[in-house]
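Quick note: to get my numbering, add 836 to the position in the sequence shown (first position is 1).
Note that CB positions come from ideal geometry on N, CA and C, so glycine has one too.
This report concerns only the one structure given below.
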Amino acid sequence: MRGIIQTVVACLALAATPVVAADFPAKNIEFVIPVSPGGGFDTYVRAISPTMERHLPQSVNVVPTNVPAAGGARGAAQVFRAKADGYTIGIFNIPGMLVPQIRGDSGLQYDLTKMTWLASFGHDDYGVGVPSASSYKTVADLKALGRPVKFTASGPSSTAYSTTMIATDMLGIKREIISGYKGSNDYVLAVIRGDGDAVIGPLPLLKKFAESGEMRIIGTFEEKSSVPGAQNATEMGRPELSKLTLGRLVAGPPDLPPEVAKTLADSLMAAMQDPDTVKWSKESGIDIEPGDAAAAKASLESQFDFYKQYSQYLGPAN
């Protein structure tokens, strides 16, 4: 009798599993944004969320929720600790949220290697910019300066700082980093007003200042330069510079049921490829490069391996 009961219970459990998956989602999905409203990550999530709703099998809302604290760590922890039911997902700045983990920051309450990766919104490449009136025309000019080149960046624990350290090391540029600026906009403006000789920053931001005539881009860390006259990573002799990127990956908590993860991943991919999203991207000038769950996971793993090689440049643990 006991064997019969156990068999019946097991069968009922198996029968119940697809029903749960078929009913997902049955309530609103929270889309955590671990930064303040108004920035790039916030913009992506708020643009994608309404379209994602249309591609879910059930009619629910996808609710963007800003959790701006501890450099994104609080939002990341909220997703990591969420119940593995698919109702909490988040966007992650990679390597921004990966660096603290590699560095071994104390009190970190997430592990990116255990998350359920769902999608990638794409990435930004980095580049080297100088004030428009600067006499430096190429990266080789910086190397030949005869003194340490002054680069501006945010604090020693920031991605901007570590990216500058890694890139200048690869390029063989003697450096002096002037740090302490609050964000990317601030440290780029700092070099424009003369605080430093050059800046290494996300290309979309450098292009904005180049278009206004305040900056000239002399090198990009792309495989093929998108800036006329600027050398790419290979032309600068360091193709591996193309691994220095700012990625926007989407994940759920560890151990999401495969059916639930697939539903979320499929709806995210469909939303990114939706005509409304394509139109928004063109009109706003904000690029989106649809990447599936496998691409997101591969990107995370590649970045983890890359930054681990340069852990000595990631600043002191917090």
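Residue i vs residue j beta-carbon contact at 8 Å
i, j, result
"Val1086", "Phe987", "no"
"Pro967", "Pro1152", "no"
"Leu934", "Thr999", "no"
"Ala1101", "Ala1129", "yes"
"Gln894", "Ala862", "yes"
"Ile930", "Phe877", "no"
"Gly932", "Gly911", "no"
"Leu1041", "Ile1053", "no"
"Phe1142", "Thr949", "no"
"Thr924", "Glu866", "yes"
"Thr1113", "Ala883", "yes"
Where residue i falls, given that 16 or more other Cβ within 10 Å makes a residue buried
i, result
"Lys1144", "exposed"
"Pro1089", "buried"
"Gly874", "exposed"
"Gly922", "buried"
"Val899", "exposed"
"Gly1008", "exposed"
"Ser942", "exposed"
"Asn864", "exposed"
"Ser1120", "exposed"
Which listed residue (the options) has its alpha carbon closest to that of residue i
i, options, result
"Ala1097", "Trp953, Ile1036, Tyr1023", "Trp953"
"Asp1110", "Glu1012, Ile1013, Met888, Gly874", "Met888"
"Gly1083", "Ile938, Pro1126, Gly1049, Ala1069", "Pro1126"
"Thr974", "Val898, Val868, Glu1071", "Glu1071"
"Ser1061", "Pro1075, Ile869, Glu1095", "Pro1075"
"Asp1022", "Ala996, Ile1002, Leu1007", "Ala996"
"Thr901", "Met951, His891, Val915, Asn1068", "Val915"
"Tyr962", "Glu1050, Thr1004, Pro886, Val868", "Thr1004"
"Val964", "Phe860, Ala1066, Lys1118", "Ala1066"
"Gly1073", "Pro1064, Thr1056, Val1063", "Thr1056"
"His959", "Pro1064, Pro1094, Pro1038, Asn1068", "Pro1038"
Local conformation of residue i per DSSP, three classes
i, result
"Lys1044", "helix"
"Ala1069", "coil"
"Ser990", "strand"
"Glu889", "helix"
"Ser968", "coil"
"Ser1165", "This structure cannot speak to residue 1165, because the chain is shown only from 837 to 1154."
"Leu1080", "coil"
"Asp961", "strand"
"Thr908", "Note that residue 908 corresponds to Gly in the displayed sequence, not to Thr. Note: Gly908 maps to helix in three-state DSSP."
"Val898", "strand"
"Ser1061", "coil"
"Gln860", "Checking the sequence shown, residue 860 turns out to be Phe, not Gln. Phe860: coil per DSSP, three-state reduction."
"Pro936", "helix"
Inter-residue CB distance, residue i and residue j (contact presumed, cutoff 8 Å)
i, j, result
"Ala1034", "Leu978", "6 Å"
"Ala989", "Tyr972", "Rounded, the Cβ-Cβ distance is 18 Å, inconsistent with contact."
"Ile869", "Ser1147", "The pair is not a contact, with the Cβ atoms about 28 Å apart (cut-off 8 Å)."
"Val1059", "Ile1028", "Note that residue 1059 is Glu in the sequence shown here, rather than Val. About 27 Å separates the two Cβ atoms, so there is no contact after all."
"Tyr946", "Ala913", "5 Å"
Beta carbon proximity, residue i to chain C, threshold 8 Å
i, result
"Asp1005", "As a matter of chain content, chain C is missing from the structure shown, which is built from one protein chain."
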